[in-house]
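The opening residue of the sequence shown carries number 0 in numbering that gives the first Met the number 0; numbering runs sequentially from there. Notes follow the structure.
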Amino acid sequence: MPNIISTFSDISEKYTTVICDLWGCLHDGVKSFPRALKALEDFKESNGKVILVTNAPRPIANVQYQIETLGIKKTYYDMLLTSGELTSNFISKICEKKLRVYHIGGKRHHSIYKDMIHEKKISIDIENISESDLIVCTEPFDPSRDQLSDYENMFKIGIDKQLTFLCANPDLVVDVGEKREMCAGAIASMYEKMGGKVIYFGKPHNNVYQEVYSFLSKFNKLKAESILCIGDGLNTDIKGANNEKLDSLLVVGGLLKKIHIIEKNNNTIIDERRLNQTIENNGVHVDYAIKFFQ
């Protein structure tokens with residue numbers, strides 16, 4: 000049973016560092032949330048460290064530009080890390096020879112290959128999986144329309160060829176404004192269930208937290224009890240916190256809002272009974288829950 004809090008300031012004095020998600024906590028892909036940014040600003044003013052960690056399948060520079068257009072400036076955080084950056088770094092390390100990559104996702108996400116394309120270390124293919132050395136998924140081909148069944152036949156080919164699948168975004172779904180779309184994590188899960196090998200980059204997997212710990216070690220001795228993970232994803236943000244034995248704050252007004260935020264006596268409140276059941280069903284532990292991060 001999580002402790003329900005009204006504002007982050009109710010518990011912020013217990014922590015020196017927050018690992019905070021972006022989408023659903025600080026913005027919805029269309030606009031940022033001023034109260035959430037004020038909460039981070041206040042925390043930083045009290046000498047807290049703010050680490051923004053997102054499963055966005057793009058390099059840090061691209062995401063930084065995007066969130067700045069939403070008003071999330073560098074003054075609000077100390078470090079930004081993306082799953083796309085981790086994916087890019089991994090591909091760069093294995094590019095000893097030219098790789099033929101079957102890319103699942105939009106061309107806009109080819110940014111994860113950075114200079115590899117210009118250095119001719121990699122070629123991108125979105126047509127012929129049978130001629131590829133590697134599968135990289137950043138999102139569905141059409142996030143708003145695709146069904147998992149659309150990928151079954153091509154995955155049979157990939158599995159027969161024993162192609163490794165790199166998932167640059169472990170999220171299953173995302174809400175863009177009021178619209179819900181499928182993410183790369185759902186496709187990767189299907190490939191894995193069919194017998195394929197998948198490497199995930201981002202929450203809840205340890206690779207992203209190791210990068211955070213490396214950054215924090217430059218300032219103070221790491222103390223797990225002084226780090227709080229904030230996010231709206233039970234199977235990413237919260238599960239990641241559980242895996243790392245870190246405290247967690249669930250933002251219910253993100254992915255869970257349609258079912259778990261209700262109207263009562265002209266107020267919007269968390270449906271605690273339903274939330275507790277959802278948490279139990281997902282097999283995770285949540286320390287704190289808040290309606291919206293503020």
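Even glycine gets a Cβ: it sits at the ideal position worked out from N, Cα and C.
Would you mind sorting P139 into buried or exposed? The rule is 16 or more other CB atoms within 10 Å of its CB.
buried
Out of D174, N280, V251 and I258, which one is the CA nearest neighbour of S341?
The shown model of the chain, from 0 to 293, leaves out residue 341, and the question about it has no answer.
Can you name, in chain order, every residue of its own chain whose Cβ lies under 8 Å from the Cβ of I123, other than the five neighbours on each side?
V100, H102, H109, Y112 and I116
If you draw a straight line from the C-alpha of L171 to the C-alpha of D246, how long is it?
23 Å
In chain order, what residues of the same chain lie with their CB nearer than 7 Å to the CB of M181, ignoring the 5 residues before and after it?
Answer for M181: P139, P142, D145 and V172, listed in chain order.
Distance check for D174 and F200, CA to CA, integer angstroms please.
Looking at the backbone, the Cα of F200 and that of D174 are separated by about 20 Å.
With DSSP as the reference, label A223 as helix, strand or coil.
helix
Do you know whose CA, among H204, P203, Y208 and C166, lies nearest E191's CA?
C166
If you draw a straight line from the C-alpha of K263 to the C-alpha of G184, how long is it?
35 Å
With distances taken between CB atoms, is the gap from K48 to T16 smaller than 8 Å?
Closer than 8 Å, so yes.
Where the alpha helix (DSSP H) through V102 begins and ends:
Note on identity: in this sequence residue 102 is His, with Val being the wrong assignment. Segment L98 to I103 is the beta strand (DSSP E) holding H102; no alpha helix (DSSP H) there.
Locate the alpha helix (DSSP H) running through S87, then write down its first and last residues.
S82 to I93
Relative to the C-alpha of L133, which candidate in D114, I90, S8 and N168 has its C-alpha closest?
I90
Local conformation of L79 per DSSP, three classes:
It is a strand residue.
State yes or no: is the C-beta of E44 nearer than 7 Å to some heavy atom of the ligand SAM?
The ligand content of the structure shown is nil, which means the ligand SAM is not present either.
Per-residue burial, S131 [other beta carbons within 10 Å of its own, 16 or more giving buried]:
In the assembly as shown, S131 is a buried residue. Its beta-carbon has 16 or more other beta-carbons within 10 Å.
I think Y76 touches E40, with their Cβ atoms under 8 Å apart; what is that distance to the nearest whole Å?
Actually they do not touch by this definition, with Cβ atoms about 10 Å apart.
Taking Cβ to Cβ, would you say L79 is nearer than 8 Å to Q63?
yes
Could you tell me which whole beta strand (DSSP E) segments of length 3 or greater appear in the region 115-199?
Scanning the region 115-199 for uninterrupted beta strand (DSSP E) segments of 3 residues or longer gives 121-124, 133-136, 164-166, 172-175, 178-181 and 197-199, listed from N- to C-terminal end.
With H, G and I counted as helix, E and B as strand and the rest as coil, what does DSSP make of S11?
helix
Determine the closest residue to R179 out of L21, I3 and G28, with distance taken between C-alpha atoms.
Cα-wise, what sits closest to R179 is G28.
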